[in-house]
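Comments concern the structure below.
In full-length UniProt numbering, the protein residues as written are 1 to 150.
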């Protein structure tokens, strides 16, 4: 699997749009694609769920909130918003699986719904991040950059 390590901090760049996974400063809830600025709202701590499998929690380095989804997992559908939530939300992390596209796929645990940059990876600043059924689009793949410890 990709180079994800427990309790390490990463920036995630969308492989189609080139923007990074960003906790919106406007409401501290929305997850959007935004140009990289080095802010802590663009830094994500990966925490392994030790219950077995490739399960992770993803925590904002800025707010301490977790990457999650709007609504209940039983109501997941294409276009469900990815948001910051107060309780841990489980994700499955996989390698890209798309030829020529390096990065990770982030799936809502137990589903085939991937975190994607909406509008087929539109690079426009502020584009929403949502869940959509798995397909071979690079807008569902996130390049991983680990933060260096000083």
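Glycine residues also receive a C-beta, built at the ideal position from the N, C-alpha and C atoms. Given the structure is predicted, the values throughout are model-derived calculations rather than measurements.
Considering only 41, 11, 13, the residue with the shortest C-alpha distance to residue 23 is 41. For residue 103, no alpha helix (DSSP H) run applies, since DSSP gives it neither H nor E. Here residue 125 is not bridged, per DSSP, to any residue. Boundaries of the beta strand (DSSP E) around residue 8: 8-14. In chain order, 127, 128, 130 place their CB closer than 6 Å to the CB of residue 118, counting only its own chain and leaving out the 5 sequence neighbours on each side. Judged by DSSP in its simplified three-state form, residue 95 adopts strand.
Judged by beta-carbon spacing, residue 19 lies within the 7 Å limit of residue 34, meaning their Cβ atoms are closer than that value. In summary, residue 132 is buried, with 16 or more beta-carbon neighbours lying within 10 Å of its beta-carbon over all protein chains present.
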